[in-house]
Amino acid sequence: MKTDTLAIHGGFEGDRESGATAVPIHQTVSYAYKTAQELADVFDGRAPGYIYTRIANPTTTALEARLTELEGGIGCIATSSGMAAIASVVIGLVKTGDEIIAAAGIFGGTVSLFENTLGRFGIKTNLVDAADTAEFAKAINDKTKLIFVETIGNPRMDVPNIPAVAGIANGFNMPLIVDNTLTTPFLIRPKEFGADIVVHSTSKFINGHGTAIGGAIIDTGNYDWANGPFEDVKQLSKKAGQLAFLAHLRNLIYRDLGGCPAPMNSFLMLQGLETLSGRMTKHCENAEKLAQYLQNHPKVCWVNYPGLESSKFHSRIAELFGGRAGGLLTFGLDDKDKAFRFIDSVKLAKNLVNLGDAKTLVIHPSSTIFHEFSLEQQKQMGVTKDMVRVSVGIEDFEDIKSDVEQAIEKAFEVEK
Amino acid sequence: MKIVVNGEQVDCGDGLTVNELLIEQKVKMPDMVSVELNGQILRRTEFEQTTLKDDDKVEFLYFMGGGNWN
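Residue numbers (the working numbering), protein chains in the order written: chain A, 1 to 416; chain B, 417 to 486.
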């Protein structure tokens, strides 16, 4: 089946008992067994079964099966948020004294997790320029355990050369983790370009309506856990085979951290997936049109959208994403005051911390998502005081353009 | 035809598909099982088309929770 079909039918063929075609919401904490022995058998792995929704839930299982199909992976664990997904993966791989390499210019929350939270446990993060593939190889030392990139860095909008970075990771026998939140499986299956683990914040384009927080971890099956440097996963591979890493998470890391999704939220993600194809097409179309409009606007200082012909990543968008560059862009309005006045003046767009919603969203990253970082750190992350980020929605383009147009005019009114 | 299922040798009919093996082995919760064939996880959409051969090694793995693999 093709991606558009898998998004609607993947992982669920209808409820066997009721015939329901929508995935039932199993709003339960736990699962009862008739005998003590039955439950003991499930705990011992001698029989299949659900134990507790923190570990697994049938509604969430359907979401995991669908995401596995969409990413072409071997298995998935859905999480309570994108941050829970990244935390589970990285904590599942590193120990005190280890190092990780991450692209600079990725989501501020991810950088904070790596540098601040994991830094407290003696994990060192080396941020490198995602646009310069050689930097990844240069940053590797004998303590490095993994490489982490976003398909399109948010908000620096860098597009790493994923196949080349995968080649580097592969050469050093370490997994490449790719965050596919901004592009989704509709623009790229990172597995096909060498990614070992794919993570998502499903709260964004997958949910698509700003109604639930969630995340996901997909093992693409590319990494050979039986021959990696992760001793506990290696041992587990004798029993769990290719699923060793996901078993390591499900039965230890994810189970212990407690980052499970609510069944209702898994249902909302499944609903979102059904329309993702149509929404992504419109997000990409509208974002490209808005980027072109802003590029030609005399009062706009700069526009950063990798789909623009003027972007240094334009050819990579064609190679990796079939020519579609997603729904996120940034632009500059001279200074912070004008950026603020622009945000204060939009009527249709919402000023909030999210992206990938059907609605158009705006934010001033420097004073919000990145406020905890110094100006020097913000510069490395590609965040500037004059920057406005726009998550372009799927409204009629003319309405989005009119809103942006009048807000830019208002941003400059004080100058008159 | 002889194949190995979860480490034990099993006699089965020639040309058996993975789907048919799930039924023949009375695998519990077949919607939830992951199937590893000769070390590679099969996609669910491959269960119907994948025909087993002599000496194939099949593992049924339950990944939906519970089950202590440690």
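For glycine and all other residues, C-beta sits at the position ideal for the given N, C-alpha and C.
Go ahead and pull the three-state DSSP assignment for residue i.
| i | result |
| --- | --- |
| I197(A) | strand |
| G215(A) | strand |
| G482(B) | Residue confidence for G482(B) is low, a pLDDT of 46 falling below 50, so the modelled location carries little weight and cannot support an answer. |
| I400(A) | helix |
| Y52(A) | strand |
| N351(A) | strand |
| T183(A) | coil |
| R156(A) | coil |
| M417(B) | coil |
| M381(A) | coil |
| K34(A) | coil |
| I147(A) | strand |
| E408(B) | This structure gives no information on residue 408(B), because the portion of chain B shown stretches from 417 to 486. |
| A407(A) | helix |
| A78(A) | strand |
| E71(A) | helix |
| K442(B) | coil |
Does the separation of the CB atoms of residue i and residue j fall below 8 Å?
| i | j | result |
| --- | --- | --- |
| V199(A) | A216(A) | yes |
| Q380(A) | L127(A) | yes |
| L329(A) | V390(A) | yes |
| L70(A) | L6(A) | yes |
| I140(A) | T110(A) | no |
| Y254(A) | I77(A) | yes |
| D4(A) | S277(A) | yes |
| F476(B) | V434(B) | no |
| C428(B) | M417(B) | yes |
| S81(A) | S266(A) | no |
| T220(A) | D256(A) | no |
| L290(A) | V404(A) | yes |
| L438(B) | L468(B) | no |
| G10(A) | A56(A) | no |
| G258(A) | R16(A) | no |
| T125(A) | F107(A) | no |
| I188(A) | T68(A) | no |
| G455(B) | Q235(A) | no |
On the CB-based measure, 16 or more other CB atoms within 10 Å of its CB, does residue i come out buried or exposed?
| i | result |
| --- | --- |
| K143(A) | exposed |
| A130(A) | buried |
| W225(A) | buried |
| N486(B) | At N486(B) the pLDDT is 38, less than 50, meaning the model places this residue with poor confidence; the figure from the coordinates comes in the next sentence. Exposed, since its Cβ has fewer than 16 Cβ neighbours within 10 Å. |
| R120(A) | exposed |
| R341(A) | buried |
| M174(A) | buried |
| T35(A) | exposed |
| I400(A) | buried |
| R422(A) | Because chain A here runs from 1 to 416, residue 422(A) falls outside it and cannot be looked at. |
| L453(B) | buried |
| Q27(A) | exposed |
| T461(B) | exposed |
| M264(A) | exposed |
| H248(A) | buried |
| E288(A) | buried |
| Q425(B) | exposed |
| G327(A) | buried |
| M157(A) | buried |
Quick check: is any heavy atom of the ligand GTP less than 7 Å from the C-beta of residue i?
| i | result |
| --- | --- |
| I91(A) | This structure simply doesn't include the ligand GTP, nor any ligand for that matter. |
Meets three-Cβ-pair contact criterion under 8 Å: the segment 89-97 of chain A and the segment 277-294 of chain A
no
Is it a yes or a no for the segment 207-221 of chain A touching the segment 266-277 of chain A, going by three-plus beta-carbon pairs under 8 Å?
yes
Does the contact criterion of 3 or more C-beta pairs under 8 Å hold for the segment 351-368 of chain A versus the segment 376-392 of chain A?
yes
Taking contact to mean at least 3 C-beta pairs separated by less than 8 Å, is the segment 38-52 of chain A in contact with the segment 437-453 of chain B?
Under the Cβ criterion (8 Å, minimum of three pairs), the segment 38-52 of chain A counts as touching the segment 437-453 of chain B.
Sufficient close CB pairs (3 or more, under 8 Å) joining the segment 156-163 of chain A to the segment 315-322 of chain A:
yes
Could you tell me whether the segment 329-345 of chain A touches the segment 294-309 of chain A, where touching means 3 or more Cβ pairs closer than 8 Å?
With a cut-off of 8 Å, the segment 294-309 of chain A and the segment 329-345 of chain A count as touching, because enough Cβ pairs lie within range.
Could you check whether the segment 165-173 of chain A touches the segment 350-364 of chain A, counting it as contact only if at least three pairs of C-beta atoms, one from each stretch, sit closer than 8 Å?
no
For the segment 179-188 of chain A against the segment 148-157 of chain A, are there 3 or more C-beta pairs whose distance is under 8 Å?
yes
Mind listing, in chain order, the continuous alpha helix (DSSP H) runs of no fewer than 4 residues lying wholly within the segment 232-310 of chain A?
244-248, 254-257, 263-274, 276-295
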